[in-house]
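Under the numbering used here, the first residue of the sequence shown is numbered 5, with each subsequent residue one higher. Cβ coordinates follow ideal geometry from the N, Cα and C atoms, glycine included. Below: the structure, in structure tokens.
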Amino acid sequence: MAGIVNMGSHFHSSTQVGLDFSALFDATLSPSLVLDTELTIISVNQAYLQATKSVRENLLGRNIFEAFPDNPDDPGASGVTNLEASLRRVLRTRRADTMAIQKYDILVPGTDGMHFEERYWSPTNTPVLNAEGEVTYILHHVEDVSEFVKTRDSTAHMASTIDDRSFEIEIANSRLREANETLEQRVAARTEAHRLAEEKLRISELRFRLMADSIPQIVWIIDDSGRGVYFNKQWSAYTGIATDSSLPDEISQEFVHPDDHAATMQAWELARKTGKSFSVEHRIRSASGEYRWFLVRAEAYQDPQSGQIAMWFGTSTDVHDRKLAEAALSAREEQLRLAIDAADVGEWDVDVASETMHWPARVKAMFGISADRPVTLADFYDGVHPEDRERTLASFAAAADPRLRVQYDAEYRTVGKEDGVLRWVAAKGRGLFNESGECIRIIGTALDISERKLNEQALRESGERLRQADRRKDEFLAMLAHELRNPLAPISAAAELLQMVKLDEERVRRTSQIIGRQVKHMTSLVDDLLDVSRVTRGLVELDNAPLDVSHIVADAVEQLTPLIRARRHHLELRLTPDATMVRGDRKRLIQVLANLLNNAAKYTHEGGNIQLRTSVRDAHVLIEVSDNGIGMAPELVARAFDLFAQAERSSDRSSGGLGLGLALVKSLVELHDGTATCESTGIGKGSKFSICLPRLHPQDDRYGERHAGDGLPEQAQGLRIMVVDDNVDAAAMLAMLLEASGHQVVVEHDSRRALARAREELPQVCLLDIGLPEIDGNELAQQLRADAGSARPVLIAVTGYGQEKDLERSRAAGFDHHLVKPVDTKALAAILATISPA
5 MAGIVNMGSH FHSSTQVGLD FSALFDATLS PSLVLDTELT IISVNQAYLQ ATKSVRENLL
65 GRNIFEAFPD NPDDPGASGV TNLEASLRRV LRTRRADTMA IQKYDILVPG TDGMHFEERY
125 WSPTNTPVLN AEGEVTYILH HVEDVSEFVK TRDSTAHMAS TIDDRSFEIE IANSRLREAN
185 ETLEQRVAAR TEAHRLAEEK LRISELRFRL MADSIPQIVW IIDDSGRGVY FNKQWSAYTG
245 IATDSSLPDE ISQEFVHPDD HAATMQAWEL ARKTGKSFSV EHRIRSASGE YRWFLVRAEA
305 YQDPQSGQIA MWFGTSTDVH DRKLAEAALS AREEQLRLAI DAADVGEWDV DVASETMHWP
365 ARVKAMFGIS ADRPVTLADF YDGVHPEDRE RTLASFAAAA DPRLRVQYDA EYRTVGKEDG
425 VLRWVAAKGR GLFNESGECI RIIGTALDIS ERKLNEQALR ESGERLRQAD RRKDEFLAML
485 AHELRNPLAP ISAAAELLQM VKLDEERVRR TSQIIGRQVK HMTSLVDDLL DVSRVTRGLV
545 ELDNAPLDVS HIVADAVEQL TPLIRARRHH LELRLTPDAT MVRGDRKRLI QVLANLLNNA
605 AKYTHEGGNI QLRTSVRDAH VLIEVSDNGI GMAPELVARA FDLFAQAERS SDRSSGGLGL
665 GLALVKSLVE LHDGTATCES TGIGKGSKFS ICLPRLHPQD DRYGERHAGD GLPEQAQGLR
725 IMVVDDNVDA AAMLAMLLEA SGHQVVVEHD SRRALARARE ELPQVCLLDI GLPEIDGNEL
785 AQQLRADAGS ARPVLIAVTG YGQEKDLERS RAAGFDHHLV KPVDTKALAA ILATISPA
């Protein structure tokens, strides 16, 4: 009940009432206590405790007659009966009841324990009514008149025994009556004061409740332990639960969102320990089960006398819509931040008046400035490249001009202040103006576009290279057409001549030689094209072996001697006496040197000088081919080894060539782990091409040259050969060539007839075209191998397909050799020479 009175005093405090009724009640000199309608003690003042020698904690919450029973040792004790009758009258009549002096012994502590002490009281019981006039509490007020009664009894005793002092006794009685009247008046006055205090308390509490119920927030009061004392109607309207006196942990577990429970209790414990404000945002479950966000705040009320926290006054304000808006804004800000980070964009802000800037580390990096270094507008001015400064700053100034207010948009280079690195930056921004039209800030973004600029430059250069390559391609196609027409013209003329009658033997021989030379030239052109294709696609496999460069030089010179003699060039060989062993493919290295010599012979005027020189430099062998020919311009030197690269030609294109030779040279040399370079001092000043190859030292166990082409046996005679080709003329010419070499030749143009003929003739050698109709050459070879009737002839593919994949297919089909049309007769003769006649 003390809690109720105290609560009332706090209501006065919260509603700006100046008096502290709790302190006033406790300070009242007359002993008083407060009972509820069940006659339970709910509050007691200090005077009552002193009068009854009681302890507050032993009285609160107990029935008054349990706390103060009759003296069991007094058979005539009637205090409980009389007091209960008075209290029941107050409850029934709702009026105050003043009792006569009562004998009511009480338990008091003594030296030998608790014992009943004879006491007399003058009680007054006053009802406390609510707004509807119902009794809510009873104020039980007493005056201890034990001394008065004892004095009165003693006086009566003296009157009966001492007659001579009757007058004095009468006077004493008179005085006692006066004292009793005074006491009764004081009791009545105090009772009225308490009644007025209770009335004011009731009115104050009513005002507080009306005020608390009228605001939209949830208002609540809890005691120092956190147990609920009061909740306004907004609480029950939202939660569907009436006033709850549960402890904070219990309320939180029931109504607060599980994810917010721990934070709520942590904030409460901190506030309770420190006495500071309690503040938290959490979600509270409504009656419908929905959770909404609330801002919860509470302030502690401290007892003025003890300084201890007596109450917590709090509010819970619905902030759900604000939280949703904040979450949406936060999500949009996060999306913007992610977009900015993904785009690698830096944000900047310039204070125009103070010329100070906010540059994050990303923007500072664009100007080559450390992340922790402060910057000013001068850093921006100084950091822009001088060639871009005027244009950039003009755009920046226009954005700050109140008359223009245009968007700042510029791409410029920066020179790093600390690292000196050149960068490209794309910046955009706009000015912010005050009410007077003055630009106060310029904000914007900056993006490092250095990589994009490099890519654009690379794209332009690539486009230029593509245009150059396209131009060289056109020149190559024109040259190819020219080079192919050149040998086709004499071949066509020779064919027409051979159709004429009565040609003498000498003219037939010369015509045949012309056809042979031109076919060889066309074959060389096609071989170069195929070689370049295979090398550039990495399809060439080298047959590496230890080789002496001097032998390679000798073989290459032998190949080019006819051309050199025809153009009356002077060839000078300067070969080092040192060992010039390398590891490589003999055929391919001869091809490299032959191409260089051929190139020198073509581009050197008749009668010119060509020099081939070898030397040893540390771990490498150097081969140099130089001439005093037409030379090269610097731009041609830079791309001499590019595919289709050619110097300017005369209109008759007398030098010939497809621009493939040097590209092939460079690729083959690099396959040998070497390098190829060229140099020329200018047009008309000759050229020099250098090949550098890794040297093979004598102590290497792989040392020792192997000549792949040495020791071929003499050509065999009298072989039985079957030629299968659907090209009748090609088959006939090949058969005539073989018959002229002494072989027996049969010809078929159909695969099925060839199978039947093979069973009859049992040829020792079959020359098969791959591109046969119905059954191609590869399938025909497989059937010949599988045919038990054949005597496993040597199978030679004769075809226009010469790619590496074509060779792999022919080997898989069972072919022993693969020759590309037009057939190299020397290679064919070498193969036939290894086959013994039957």
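Just so you know, the alpha carbons of ASP77 and SER90 end up roughly 24 Å apart. Listed in chain order, the non-local C-beta contacts of LEU738 below 6 Å within the same chain comprise VAL727, local neighbours out to five positions each way being set aside. In the structure shown, PHE72 falls within a coil segment according to DSSP collapsed to helix, strand and coil. Secondary structure note for ILE568: its alpha helix (DSSP H) is the uninterrupted segment 553–570. Taking the Cα positions, MET315 is about 14 Å away from LEU251. At the C-beta level, ILE453 and GLY433 stay beyond 8 Å of one another. Put simply, the backbone Cα of SER516 is about 16 Å away from that of LYS830.
In the three-state DSSP reduction, PHE371 falls in the coil class, being neither helix nor strand.
At least 8 Å separates the beta-carbon of VAL388 from that of TRP363. In chain order, ALA71 place their CB closer than 8 Å to the CB of ASN62, counting only its own chain and leaving out the 5 sequence neighbours on each side. In this structure, DSSP gives ARG287 an extended state, which the three-state scheme calls strand. If you look at SER440, you'll find it isn't in any beta strand (DSSP E); DSSP assigns it neither H nor E.
Cα atoms of VAL139 and ASP228: separation of roughly 28 Å, rounded to the nearest angstrom. Taking a cut-off of 8 Å on C-beta distances, the stretch 186–205 touches the stretch 28–39, as three or more cross pairs fall below it. Where LEU788 is concerned, the enclosing alpha helix (DSSP H) starts and stops at 781–790. With respect to the 8 Å criterion, ALA291 and THR243 are classified as neighbours on the basis of their beta carbons. Contact between the stretch 356–375 and the stretch 413–426 is present: three or more C-beta pairs spanning the two stretches fall below 8 Å. GLN615: member of the beta strand (DSSP E) spanning 613–621, first to last residue. Only buried fits ASP101, as 16 or more other CB atoms lie within 10 angstroms of its CB.
Under the Cβ criterion (8 Å, minimum of three pairs), the stretch 756–765 counts as touching the stretch 784–791.
Annotated three-state conformation of TRP352 is strand, per DSSP. For ASP383, the uninterrupted alpha helix (DSSP H) segment begins and ends at 381–387. For the pair PHE693 and VAL629, the CB atoms are nearer than the 8 Å cut-off. Around the CB of ILE288, 16 or more other CB atoms lie within 10 Å, so the residue is classed as buried. Under the three-state reduction of DSSP, TRP428 is assigned to strand. The residues ALA667, in chain order, have a CB closer than 7 Å to that of ASP646 in the same chain once the five nearest residues on each side in sequence are set aside. Nearest C-alpha to THR584 among LYS57, SER554 and ARG326: SER554.
Burial is judged here by how many other beta carbons sit within 10 angstroms of a residue's own beta carbon; TYR385 has fewer than 16 and is exposed.
Between GLY448 and TYR412 a beta carbon distance of about 6 Å is seen, short of the 8 Å cut, so the two are scored as contacting.
Excluding sequence positions up to five before and after ILE779, its CB lies within less than 6 Å of the CB of SER755, all in the same chain and listed in chain order. DSSP places VAL59 in the coil class of the three-state scheme, outside both helix and strand.
For GLU764, the enclosing alpha helix (DSSP H) begins and ends at 755–765. Under the three-state reduction of DSSP, GLY244 is assigned to coil, being neither helix nor strand. Taking a C-beta distance under 8 Å as the contact criterion, GLY230 and TRP272 qualify as a contact pair.
Between SER47 and VAL38 a beta carbon distance of about 4 Å is seen, short of the 8 Å cut, so the two are scored as contacting. If you look at MET737, you'll find it in the alpha helix (DSSP H) that goes 732–744.
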